[in-house]
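Per UniProt numbering, numbering through the sequence shown is continuous, rising by one, with the last residue being 586.
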Amino acid sequence: MAERTVADLVVERLRAWRVPRAFGCPGAAVAPLVAALDRAGGDPAFVPARHEETASFMASGHAKFTGEIGVCLATQGPSAVHLLNGLYDAKLDSKPVVAIVGEDIGGPLGGAHEEIGLSRLFGDVCNQFVRYGRTPGQVPAVLDQAFRTAAATRSPTCVVLPRELQVAPVPDLVPQFAGVMSATPGEPLARVLPHDADLAAAASVLGIGDRVAILVGQGGHGAGDEIVALADRLGAGVAASLLGKPVLDERLPFHAGVLGEVGTTAAAQLMGGCDTLLLVGTNDPWTDYYPLPGQVRTVQIDIDGRRIGNRYPVDVPLVGDATETLRALLTRVADRPRRAWRETVEASVDRWRQAAAARAAEPAGPVNPQLVLHELSARLPREAAVAVDVGSIVYWYARHLELPPGVTAHLCGTLGSTGCALPYAVAAKLARPDRPVLALAGDGAMQLNGLAELITVAHHWREWPDPRLVVLVLNNRDNSGVGDGRPPAGVAGRRPDVPYAGWARLLGLHGVRVDRPELVGAAWDEVLAADRPSVLEAVVDPTVALRPPEPALADLRGLFAGGDAARQVRGRMLDNRVAVEAEDLV
1 MAERTVADLV VERLRAWRVP RAFGCPGAAV APLVAALDRA GGDPAFVPAR HEETASFMAS
61 GHAKFTGEIG VCLATQGPSA VHLLNGLYDA KLDSKPVVAI VGEDIGGPLG GAHEEIGLSR
121 LFGDVCNQFV RYGRTPGQVP AVLDQAFRTA AATRSPTCVV LPRELQVAPV PDLVPQFAGV
181 MSATPGEPLA RVLPHDADLA AAASVLGIGD RVAILVGQGG HGAGDEIVAL ADRLGAGVAA
241 SLLGKPVLDE RLPFHAGVLG EVGTTAAAQL MGGCDTLLLV GTNDPWTDYY PLPGQVRTVQ
301 IDIDGRRIGN RYPVDVPLVG DATETLRALL TRVADRPRRA WRETVEASVD RWRQAAAARA
361 AEPAGPVNPQ LVLHELSARL PREAAVAVDV GSIVYWYARH LELPPGVTAH LCGTLGSTGC
421 ALPYAVAAKL ARPDRPVLAL AGDGAMQLNG LAELITVAHH WREWPDPRLV VLVLNNRDNS
481 GVGDGRPPAG VAGRRPDVPY AGWARLLGLH GVRVDRPELV GAAWDEVLAA DRPSVLEAVV
541 DPTVALRPPE PALADLRGLF AGGDAARQVR GRMLDNRVAV EAEDLV
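This is the structure in structure tokens:
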């Protein structure tokens, strides 16, 4: 029987933390750890990625789609550098990830070959915890601290394990006088509730408002029933941040959609007309679309006190878990439906939905990208997971894909890094191989990371009980990122054309290319019924304008406030001759 090494001990600690798989790329300084994972027989599994960046995106995606701690590993030098993008994604979107990095310290130092100071490299992205393992006895406790810190702070952490340590034999580990050498994996985080006085103050603010709006972020996940119940009790309209889009059923008549530049006219109108605002688990950056300071009284719920007032002035801060805090508020807020305001919101939402459908039906050459997402919306499987890349696809996803209950969706919302959708989709599919997964990307994202990670999909798909992993590629051949209706700018603005559907077929997957609008629906039907993963390549018009919500609607912010905010807005409206029926918003 082979001698038990520290690498085996690491695998045991991963198993103790119930880690199902680790994503990474093999390399000399992590070779002992990869070998130990291989000996583990899939518990946990090692998932090789085509690139360390995509491995870190997979770990972040695993954390996003499962709520568990993601794990990635890489060797030293350039491989370690490549992990940074996915780790920053996890940091900025508040997801727990543990990076395990190998280092070869046995050879000569000072020659600069693959030498990078790992503590400094990871010191910012993993600022909550970066540690070296020095001796076999330290390894269990260091790993436990990394996992516990990642879970408690919802952030990435890093453990550096020299190769020489990984191959060292494991001695009998016994408690020492100075402390405990290994620790028990942590239990779920404690229940966090605001103080009663703060809950009472929040209930008072919400109770006296006449036009209440609720902005829901990703922190509202799991609190959908409570949010809807409170909205009904207050007669409120709701909008979502981009990360909060999956929290509520978007088909609700009072759901105005996503707020911000990528969002909807109805959400902009909701913010423009409200006099009371409840923020639930959101750190949404589109502050240009928030009500003007002075227009509303605001209550904010967030489990992280550092985010209270981070984006908008707050009258009543509530630091606590969203679900528990909303339940406590429901016992304190009186039932006051405010039918006139709710009817106004619903009319605005209905107008937006009609406008969105009309936009999707507008002719374009060859295909309107809005139509592609509009056709998917009616066909989206109820149990699907959706991974969204960065680029113009975000606008069409935010506005045209309505997410019903049961559908989860994630994107690189704060960092905004292109190339995340395929790694996310792989992680989501490996976590739940019994459900369909969709990746929505542009051709730039596919050329960056997607084409390579289709190889990973081709390697794994036969293991999946439901083989459907559908990759949408909006092929507009445009690299300019203009997005305002102007044509791409010269040669520099043109992206090389690639046969994305053909590449899928070359890998043994299914590929469909559509360049006629009347065939878009049938193309979706085909890939969603395929017996293997598919690529749907839609050849779309790069000149279709992104059209953020109209500036006139943003100018309505503060119209109904008192004091300086109202005077400023009314004056600006007169100066600009803004022709908007403001009475529709009250």
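Positions of the beta carbon are idealized from the N, C-alpha and C atoms, including for glycine.
For clarity, every value in this text was computed on a predicted model and none was experimentally measured.
Anticipated Cβ contact below 8 Å, Asp284 with Ser241, distance rounded: Taking the sequence shown and counting its residues from 1, the one referred to as residue 284 is at position 284. Taking the sequence shown and counting its residues from 1, the one referred to as residue 241 is at position 241. Confirmed, about 4 Å.
Alpha-carbon to alpha-carbon, Gln138 and Ala16: For the purposes of this step, residue 16 is taken as residue 16 along the sequence shown, with counting starting at 1. For the purposes of this step, residue 138 is taken as residue 138 along the sequence shown, with counting starting at 1. So the two alpha carbons sit approximately 16 Å from each other.
Alpha-carbon to alpha-carbon, Pro337 and Ala200: Translated into positions along the sequence shown, residue 200 becomes position 200. Translated into positions along the sequence shown, residue 337 becomes position 337. Each residue's alpha carbon lies about 19 Å from the other.
Simplified DSSP state of Asn127, which is helix, strand or coil: Here residue 127 is taken as the residue at index 127 of the sequence shown, counted from 1. In this structure, Asn127 counts as coil in the three-state DSSP scheme.
Ser534 - containing beta strand (DSSP E), residue span: Locating residue 534 in the sequence shown gives position 534, counting from the first residue. Looking at the DSSP string, the run of the beta strand (DSSP E) that includes Ser534 is Ser534 to Val539.
Residue environment, Glu250, which counts as buried when at least 16 other CB atoms sit within 10 Å: Sequence index remark: in the sequence shown, residue 250 carries index 250 (1-based). Glu250 is buried by the Cβ-count criterion.
Which of helix, strand or coil DSSP assigns to residue 591: The shown model of the chain, from 1 to 586, leaves out residue 591, and the question about it has no answer.
Distance between Val170 and Leu9 (C-alpha atoms, nearest Å): Counting from one through the sequence shown, the residue named residue 9 turns up at place 9. Counting from one through the sequence shown, the residue named residue 170 turns up at place 170. Their backbone Cα atoms lie some 8 Å apart in a straight line.
Closest Cα partner of Lys429 within the set Ala141, Leu469 and Gly24: For the purposes of this step, residue 429 is taken as the residue at position 429 of the sequence shown. Residue Leu469 holds the alpha-carbon nearest to the alpha-carbon of Lys429 among Ala141, Leu469 and Gly24.
The stretch 138-154 contacting the stretch 81-89, beta-carbon criterion three pairs below 8 Å: Segments in contact, no.
C-alpha gap between Gln295 and Asp275, whole angstroms: Working through the sequence shown from its first residue, we reach residue 295 at position 295. Working through the sequence shown from its first residue, we reach residue 275 at position 275. So the alpha carbons of these two residues sit roughly 6 Å apart.
Terminal residues of the alpha helix (DSSP H) in which Gln269 lies: Counting from 1 along the sequence shown, the entry for residue 269 is found at position 269. Start and end: Thr265 to Gly273.
Neighbourhood of Val125 by C-beta distance below 7 Å, restricted to the same chain and skipping five residues each side: Taking the sequence shown and counting its residues from 1, one reaches residue 125 at position 125. Result list for Val125: Leu84, Leu87, Tyr88, Lys91 and Pro156, in chain order.
Separation of Pro317 from Pro465, as counted between CA atoms: Locating residue 465 in the sequence shown gives position 465, counting from the first residue. Locating residue 317 in the sequence shown gives position 317, counting from the first residue. Whole-angstrom Cα-Cα distance: 46 Å.
Environment of Val101 [buried if 16+ CB atoms lie within 10 Å]: In the sequence shown, the residue the question calls residue 101 occupies position 101. So Val101 counts as buried.
Closest Cα partner of Gly70 within the set Pro20, Pro32, Asp38 and Tyr290: The residue given as residue 70 occupies position 70 in the sequence shown. Gly70 has its Cα closest to that of Pro20, out of Pro20, Pro32, Asp38 and Tyr290.
Cβ neighbours of Gly123 in the same chain (closer than 7 Å, five flanking residues each side left out): Taking the sequence shown and counting its residues from 1, the one referred to as residue 123 is at position 123. Excluding five sequence positions before and after Gly123, the CB atoms of its chain that fall closer than 7 Å to its own CB belong to Val130, given in chain order.
Sequence-distant residues of the same chain with beta carbon closer than 8 Å to Asp321, five excluded per side: The residue given as residue 321 occupies position 321 in the sequence shown. Once the five neighbours on either side are set aside, the close Cβ partners of Asp321 are Arg191, Val192, Leu193 and Ile303.
Cα-Cα separation, Ser79 to Ala268: The residue you call residue 79 lines up with position 79 of the sequence shown. The residue you call residue 268 lines up with position 268 of the sequence shown. Approximately 43 Å, taken between the alpha carbons.
Delimiting residues of the alpha helix (DSSP H) encompassing Phe46: Indexing the sequence shown from 1 puts residue 46 at position 46. From DSSP, Phe46 is part of no alpha helix (DSSP H) but of the beta strand (DSSP E) over Ala45 to Pro48.
Contact under 8 Å by Cβ, Pro517 with Asn476: Mapped onto the sequence shown, residue 517 falls at position 517. Mapped onto the sequence shown, residue 476 falls at position 476. The answer is no: Cβ separation not under 8 Å.
Whole-angstrom distance between Glu12 and Thr5, CA atom to CA atom: For this step, residue 5 is matched to residue 5 along the sequence shown. For this step, residue 12 is matched to residue 12 along the sequence shown. Each residue's alpha carbon lies about 11 Å from the other.
Through-space distance from Val81 to Leu422, alpha-carbon basis: Within the sequence shown, the letter at position 422 stands for residue 422. Within the sequence shown, the letter at position 81 stands for residue 81. Approximately 20 Å, taken between the alpha carbons.
Residue environment, Glu343, which counts as buried when at least 16 other CB atoms sit within 10 Å: Looking up residue 343 in the sequence shown gives position 343. It is exposed - the Cβ of Glu343 has fewer than 16 other Cβ atoms within 10 Å.
Sequence-distant residues of the same chain with beta carbon closer than 7 Å to Tyr397, five excluded per side: One-based indexing of the sequence shown puts residue 397 at position 397. Excluding sequence neighbours, Tyr397 sits near Leu373, Val388 and Leu440.
Pairwise C-alpha distance: Val498 and Lys64: By one-based count along the sequence shown, residue 64 stands at place 64. By one-based count along the sequence shown, residue 498 stands at place 498. Looking at the backbone, the Cα of Lys64 and that of Val498 are separated by about 30 Å.
7 Å Cβ shell around Leu507 - same chain, five flanking residues per side excluded: Residue numbering aside, residue 507 sits at position 507 when the sequence shown is read from its first letter. Correct list, in chain order: Leu454, Ile455 and Ala458.
Among Leu403, Asn479 and Thr414, the one whose alpha carbon lies nearest that of Ala445: Along the sequence shown, one-based indexing puts residue 445 at 445. Of the listed residues, the one whose Cα sits closest to Ala445 is Asn479.
CA-to-CA distance, Pro404 to Asp335, given in whole angstroms: One-based indexing of the sequence shown puts residue 335 at position 335. One-based indexing of the sequence shown puts residue 404 at position 404. Linking Asp335 to Pro404 through their CA atoms gives a straight-line distance of about 27 Å.
Contacts around Pro381, its chain only, beta-carbon distance under 6 Å, and the 5 residues preceding and following it disregarded: Position 381 of the sequence shown, counting from 1, holds the residue named residue 381. Cβ-Cβ distances below 6 Å link Pro381 to Pro436 in the same chain, with the five nearest sequence neighbours on each side left out; the list follows chain order.
Where Val470 falls: helix, strand or coil (DSSP): Numbered from its first residue, the sequence shown carries residue 470 at position 470. The answer is strand: DSSP assigns Val470 an E or B state.
Neighbourhood of Ala35 by C-beta distance below 8 Å, restricted to the same chain and skipping five residues each side: One-based indexing of the sequence shown puts residue 35 at position 35. Here the set comprises Ala7.
From Gly117, Asp531, Ala202 and Thr331, residue whose alpha carbon lies closest to that of Glu226: As a first step, residue 226 must be located in the sequence shown, where it is residue number 226. Of Gly117, Asp531, Ala202 and Thr331, the residue nearest in Cα terms is Thr331.
Alpha carbon of Leu451 to alpha carbon of His400, nearest angstrom: Numbered from its first residue, the sequence shown carries residue 451 at position 451. Numbered from its first residue, the sequence shown carries residue 400 at position 400. Looking at the backbone, the Cα of Leu451 and that of His400 are separated by about 26 Å.
Glu164 in three-state terms, based on DSSP: As a first step, residue 164 must be located in the sequence shown, where it is residue number 164. Looking at Glu164 - three-state DSSP - the assignment turns out to be helix.
Which of helix, strand or coil DSSP assigns to Tyr290: In the sequence shown, counting from the first residue as 1, residue 290 sits at position 290. DSSP places Tyr290 in coil when its eight states are reduced to three.
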